[in-house]
Structure formats: structure tokens, C-alpha cells
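Note sheet for the following structure.
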Amino acid sequence: MLDQPPSTLLIIDDSATNLTMLSSLLQDQYKVKVAINGEKGLRLAKASPPDLILLDIMMPVMDGFEVCIQLKNNPGTAHIPIIFLSGKNEIRDEEKCRQLGAAGYIVKPIDPDKLLLSIQQQLLKKQGA
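Residue numbers (numbering that gives the first Met the number 0): 0 to 128.
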């Protein structure tokens with residue numbers, strides 16, 4: 000049986016520290032791409048659609064909500080599962096993310112085990128679709 004190439008994850012976060020931490024956590028299991036803002040993230044996602052996107056909500060210029068809306072309105076990226084990562088621990092924020100079509104919502108600071116499990120579940124769900 001042929002080995003599947005690793006899934007590609009795109010991390011969009013305005014914090015270089017978060018990008019580094021998440022990349023080092025995920026790079027052994029996945030191909031990881033990073034974007035320091037929403038605009039760059041959109042360009043990367045459209046140019047080479049990843050298998051899953053980890054998306055920060057609070058970013059300057061274009062917040063995660065707007066990035067999600069644009070991704071979901073684009074036929075080339077609408078199918079990509081998005082897991083929001085947020086320092087906001089409010090029910091209404093999580094509900095808004097779900098209404099926008101997000102697959103998940105994880106509150107910062109990130110629990111590595113919870114994040115890995117969520118990614119794995121979304122990728123399996125996507126493969127089964």
C-alpha cells in the first residue's frame with residue numbers, strides 16, 4: 000500500500016510566536032505553511048489550497064471572520080475545513096464561527112493534544128466526504 004503524502008495545513012496568525020509554536024508542534028506530522036496576516040493567508044489558500052486551515056480571529060487589517068467569509072465564498076477554497084484559534088472565550092464568538100462555516104473553535108492558550116485531535120478528526124471527516 001502506498002503511503003499517503005502528509006496533509007497540508009495553513010496557519011494564519013498575526014503572532015510570529017504562535018506561528019513558530021504551532022509549526023513546531025505540527026511539522027512532524029503535516030506539511031505546514033504559514034501566513035502572518037489574513038491577506039497573505041487568502042493568497043496562499045487560493046494559490047495552493049491546503050487540506051485544513053488554522054485561523055486566528057483577532058488580526059489587524061483583515062480579521063479571521065473576514066478571511067473565513069472570503070474562503071467560504073470562493074468555490075476553490077469553500078471545501079477547506081477551518082479551525083479557528085482564538086484568545087476570545089465567548090460563546091457568541093464560537094457561534095459566529097460556526098455560522099460562518101468553521102469546522103472547529105479552539106481557545107488559546109492552545110492545548111496541543113486537543114489541537115492535534117481536532118485536526119485529525121477534521122482531516123478524517125474530509126477524506127470520508
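Every residue, glycine too, gets a C-beta built ideally from N, C-alpha and C. Note that this is a predicted model, so its numbers are computed, not measured.
* Look up L51 in the DSSP assignment and say whether it is helix, strand or coil. => For the purposes of this step, residue 51 is taken as the residue at position 52 of the sequence shown. If DSSP states are grouped into helix, strand and coil, L51 belongs with the strands.
* Asked: To the nearest whole angstrom, what separates the beta carbons of L99 and K71, a pair I think is in contact under 8 Å?
  -> Translated into the one-based positions of the sequence shown, residue 99 becomes position 100. Translated into the one-based positions of the sequence shown, residue 71 becomes position 72. Indeed they touch by this definition, with Cβ atoms about 7 Å apart.
* **Cα-Cα separation between M0 and L51, rounded to whole angstroms** => Translated into the one-based positions of the sequence shown, residue 0 becomes position 1. Translated into the one-based positions of the sequence shown, residue 51 becomes position 52. With a pLDDT of 47 at M0, under the threshold of 50, the modelled position of that residue is not reliable, and no figure is offered here.
* Considering only the beta carbon of each residue, do K107 and N17 sit closer than 9 Å? -> As a working mapping, residue 107 is identified with position 108 in the sequence shown. As a working mapping, residue 17 is identified with position 18 in the sequence shown. For K107 and N17, yes; Cβs fall inside 9 Å.
* To do: Could you please give the first and the last residue of the uninterrupted beta strand (DSSP E) stretch that includes G103?
  => Taking the first residue of the sequence shown as 1, we reach residue 103 at position 104. Taken as a continuous stretch (DSSP letters only), the beta strand (DSSP E) holding G103 covers 103 to 106.
* Asked: In or out: I177 buried (at least 16 other Cβ within 10 Å) or exposed?
  -> The chain is shown only over 0 to 128; residue 177 falls outside these bounds and no answer can be derived.
* Asked: Could you give the distance in angstroms between the alpha-carbon of E93 and the alpha-carbon of S22?
  -> By one-based count along the sequence shown, residue 93 stands at place 94. By one-based count along the sequence shown, residue 22 stands at place 23. Roughly 24 Å separates the two Cα atoms.
* To do: Could you check which residue in L8, G75, N73 has the C-alpha nearest to that of Q24?
  => Mapped onto the sequence shown, residue 24 falls at position 25. First, the amino acid is wrong: residue 24 is Leu here, not Gln. It is L8.
* Start-to-end residues for the alpha helix (DSSP H) that takes in A44 -> Your numbering for residue 44 matches position 45 in the sequence shown. It spans 37 to 46 - the alpha helix (DSSP H) in which A44 sits, taken as one unbroken run.
* When you compare each of S85, A44, G86, R97 to P74 by their alpha carbons, which one comes out closest? -> The residue given as residue 74 occupies position 75 in the sequence shown. Per the Cα distances, A44.
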